[in-house]
Amino acid sequence: MKEPRPQHSRTFEDLVAEGAAVPTEGWDFSWFEGRATEARPSWVYASSLAERLSHTTAALDIQTGGGEVLDFALRRAAPKTPVLTVASEGWPPNVAKATALLRPHGVAVVASPEDAPLPFADGAFDLVSSRHPVSPHWAEIARLLQPGGTYFAQHVGPRSVFELVEYFLGPLLQEQSAARHPDRERADAEAAGLEIVDVRAERLRMEFYDIAAVVHFLRKVVWMVPGFTVEAYRPRLRALHEQIRTDGPFVAHSTRHLFEARKPDA
Numbered sequence: 000m001k002e003p004r005p006q007h008s009r010t011f012e013d014l015v016a017e018g019a020a021v022p023t024e025g026w027d028f029s030w031f032e033g034r035a036t037e038a039r040p041s042w043v044y045a046s047s048l049a050e051r052l053s054h055t056t057a058a059l060d061i062q063t064g065g066g067e068v069l070d071f072a073l074r075r076a077a078p079k080t081p082v083l084t085v086a087s088e089g090w091p092p093n094v095a096k097a098t099a100l101l102r103p104h105g106v107a108v109v110a111s112p113e114d115a116p117l118p119f120a121d122g123a124f125d126l127v128s129s130r131h132p133v134s135p136h137w138a139e140i141a142r143l144l145q146p147g148g149t150y151f152a153q154h155v156g157p158r159s160v161f162e163l164v165e166y167f168l169g170p171l172l173q174e175q176s177a178a179r180h181p182d183r184e185r186a187d188a189e190a191a192g193l194e195i196v197d198v199r200a201e202r203l204r205m206e207f208y209d210i211a212a213v214v215h216f217l218r219k220v221v222w223m224v225p226g227f228t229v230e231a232y233r234p235r236l237r238a239l240h241e242q243i244r245t246d247g248p249f250v251a252h253s254t255r256h257l258f259e260a261r262k263p264d265a
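Per numbering that gives the first Met the number 0, numbering of the sequence shown is gapless, rising by one per residue and ending at 265.
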């Protein structure tokens with residue numbers, strides 16, 4: 000982990016302009032090094048996925064983003080990679096990035112909206128994976144898995160980074176706070192006919208060292224503050240900039256849970 004970069008000599012306008020200019024495609028967060036930190040879950044998802052891929056025949060990665068996590072896992076699993084690996088993604092810029100990154104692995108990337116059925120046969124895969132899906136479609140996951148197949152994923156949990164969200168939006172309703180709860184997802188997965196193998200949850204510390212990191216984060220993770228733009232939130236951004244300069248990094252907490260489920264044998 001890199002030490003925070005000193006930004007106190009830079010103006011609010013310079014930092015905001017930088018955060019607004021950084022490309023947001025894919026799930027590569029290397030730009031944040033030295034500007035923001037986030038503790039990682041103990042289960043080390045990408046490496047755990049690699050281990051499962053090494054014992055898999057046909058794999059599907061849902062909402063793959065820019066393909067970075069699947070690329071890492073396939074490289075780690077090599078040479079014992081699945082005979083067939085497919086990925087899906089709904090955002091066109093990410094589709095292009097994932098296609099370029101995953102093509103050397105022989106992975107086909109299918110452009111598909113997040114809420115649409117996927118164009119694959121019933122029982123086509125013995126492993127379906129996803130890192131931070133917007134919303135798991137349990138009936139579709141169950142349909143795509145062959146009997147005995149596994150769904151293995153890392154989900155965003157309830158109230159993730161809500162310190163930052165509520166700084167901009169104010170206190171949220173209790174129902175909004177309860178969204179993405181692992182108990183609710185467990186019940187939905189079981190209702191779709193899946194057996195729960197493992198669910199583990201962790202709350203992880205995050206720190207934002209300058210306002211550019213805040214701006215880029217909210218542009219990249221668009222569901223945090225829907226409709227976020229610098230102009231719409233300039234007064235709050237300026238106040239947060241001064242707070243960070245005076246009090247040090249803005250602290251928030253992400254929530255993550257590991258989710259493993261199995262489709263019963265026929």
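Where is the CB? At the ideal position from N, CA and C, for every residue including glycine.
Which listed residue (the options) has its alpha carbon closest to that of residue i
i           : options            : result
residue 53  : 67, 186, 29, 71    : 71
residue 151 : 126, 136, 103      : 126
residue 148 : 253, 22, 55, 252   : 55
residue 255 : 243, 200, 236      : 200
residue 121 : 179, 146, 132      : 146
residue 131 : 114, 119, 153, 115 : 153
residue 181 : 163, 57, 263, 202  : 202
residue 123 : 97, 59, 165, 26    : 59
residue 79  : 232, 216, 104      : 104
residue 158 : 28, 251, 83        : 251
residue 195 : 116, 117, 137      : 137
residue 235 : 214, 20, 143       : 214
Reduced DSSP secondary structure (H/G/I, E/B, other) of residue i
i           : result
residue 153 : strand
residue 129 : strand
residue 84  : strand
residue 117 : coil
residue 194 : strand
residue 60  : strand
residue 199 : strand
Proximal residues to residue i (C-beta, below 6 Å), its chain only, five neighbours per side dropped
i           : result
residue 109 : 87
residue 45  : 68, 71, 72
residue 27  : 67
Integer-rounded CB distance, given that residue j should sit under 8 Å from residue i
i           : j           : result
residue 259 : residue 209 : Not a contact, Cβ separation roughly 37 Å.
residue 186 : residue 31  : Not a contact, Cβ separation roughly 34 Å.
residue 24  : residue 93  : 6 Å
residue 188 : residue 262 : Not quite, the Cβ-Cβ distance comes to about 10 Å (not below 8 Å), so this is no contact.
Proximity test, residue i beta-carbon vs the ligand SAM heavy atom, cut-off 7 Å
i           : result
residue 110 : No copy of the ligand SAM occurs in the structure displayed, which carries no ligand at all.
Cβ neighbour criterion (16 or more within 10 Å) applied to residue i
i           : result
residue 184 : buried
residue 64  : buried
residue 49  : buried
Residues of its chain near residue i, where Cβ-Cβ distance is below 8 Å and the 5 sequence neighbours each way are ignored
i           : result
residue 112 : 89
Spatial neighbours of residue i in its chain, beta-carbon cut-off 7 Å, leaving aside the 5 residues before and after
i           : result
residue 224 : 164, 167, 168, 217
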